[in-house]
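Q:
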Amino acid sequence: GENVEQHPSTLSVQEGDSAVIKCTYSDSASNYFPWYKQELGKGPQLIIDIRSNVGEKKDQRIAVTLNKTAKHFSLHITETQPEDSAVYFCAASSGNYKLSFGAGTTVTVRA
Amino acid sequence: GAGVSQSPSNKVTEKGKDVELRCDPISGHTALYWYRQRLGQGLEFLIYFQGNSAPDKSGLPSDRFSAERTGESVSTLTIQCTQQEDSAVYLCASSLAQGGNTIYFGEGSWLTVV
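Chains as they are written, first to last, in the numbering used here: chain A, 1 to 111; chain B, 1 to 114.
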């Protein structure tokens, strides 16, 4: 089955700096890569996703890049703000129903 | 409803008791998922329902776990004879259909077995 690895497990950044989270996947058939943000005591919320027919996608301060050859994808958050502090999960699926999740990255934005 | 609704939001139960967790998916979503999240960890797939197809139960950790879904609406996850290692957040999610459609999660049911 699919195996998704996520790094780093924790990330502390100064407000205004950028944060980058990287994930690798094992199944070359995977073609859908969502990112979720989970705040304390809440369920994961989709923040951005990318499909394998594109290499990059951007939504305001958030961007995701995908390298299919290397089987890795990354989340970039620019101009970080305190409200960006949360746990972020990457995931991958091969177009079927089962998302495989990374272990999560706890992001702390220091004011 | 506007989002995936789960109940109870919190449940404390004694070891050995049965618990039942409920999920109301987003209206019109034919696909429904249950995931488990242990404290500080990622999400583990438990079970998937799609329309009237046979569910994929491959993620259920033991035969103490079972789930049902009535048509394309409410689902219940039942854990029999709960153990302390069952303590976790149980997350339900739904999507329009399979195949890379956006999956929306509920807030979860926090289960503590004492």
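Each residue gets a CB set at the ideal place from its N, CA and C atoms; glycine is no exception. Keep in mind the model is a prediction, meaning the values are calculated, not measured.
Consider the Cβ of ALA103 (chain A): report whether some Cβ of chain B lies at a distance smaller than 9 Å.
A: With 9 Å as the cut-off, ALA103 (chain A) counts as an interface residue toward chain B.
Q: Interface residues of chain B around PHE89 (chain A) at Cβ under 8 Å?
A: Here the neighbours are GLY42 and LEU43.
Q: Between the alpha carbons of ILE50 (chain A) and LYS15 (chain B), how many angstroms are there, rounded?
A: Going by the C-alpha atoms only, they are around 42 Å apart.
Q: Can you list, in chain order, the residues of its chain whose CB lies under 7 Å from that of PRO8 (chain B), leaving out five sequence neighbours each side?
A: SER109, listed in sequence order.
Q: Using alpha carbons as the reference points, say which of A:THR80, A:GLN81 and A:LEU75 lies closest to TYR36 (chain A).
A: Selected option, being the one with the closest Cα: A:LEU75.
Q: In whole angstroms, what separates the C-alpha of GLY40 (chain B) from that of ALA103 (chain A)?
A: The alpha-carbon atoms of GLY40 (chain B) and ALA103 (chain A) are separated by roughly 9 Å.
Q: Decide if the segment 17-24 of chain B is in contact with the segment 48-64 of chain A; the criterion is three or more beta carbon pairs, one per stretch, under 8 Å apart.
A: No contact exists between the segment 17-24 of chain B and the segment 48-64 of chain A.
Q: Taking only three categories from DSSP, how would you classify ASP56 (chain B)?
A: Correct three-state label for ASP56 (chain B): strand.
Q: Going straight from the alpha carbon of ASN67 (chain A) to that of GLU72 (chain B), what length do you get?
A: The straight-line gap from Cα to Cα measures roughly 37 Å.
Q: Could you tell me the distance, in whole angstroms, from the CA atom of PHE45 (chain B) to the CA atom of TYR90 (chain B)?
A: For PHE45 (chain B) and TYR90 (chain B), the distance between alpha carbons rounds to 10 Å.
Q: Work out the CA separation of GLY28 (chain B) and SER75 (chain B) for me, nearest whole Å.
A: Going from the Cα of SER75 (chain B) to the Cα of GLY28 (chain B) covers about 14 Å.
Q: Whole angstroms are fine: how far does the CA of THR78 (chain B) sit from the CA of GLY67 (chain B)?
A: The question names Gly, but residue 67 (chain B) is Ala in the sequence shown. Rounded to whole angstroms, ALA67 (chain B) to THR78 (chain B) spans 6 Å at the Cα level.
Q: Just to confirm the assignment, what range does the beta strand (DSSP E) spanning CYS23 (chain B) have?
A: Start and end: 19-24.
Q: GLU56 (chain A) by DSSP, collapsed to three states: which one?
A: Of the three classes helix, strand and coil, the one that applies to GLU56 (chain A) here is strand, per DSSP.
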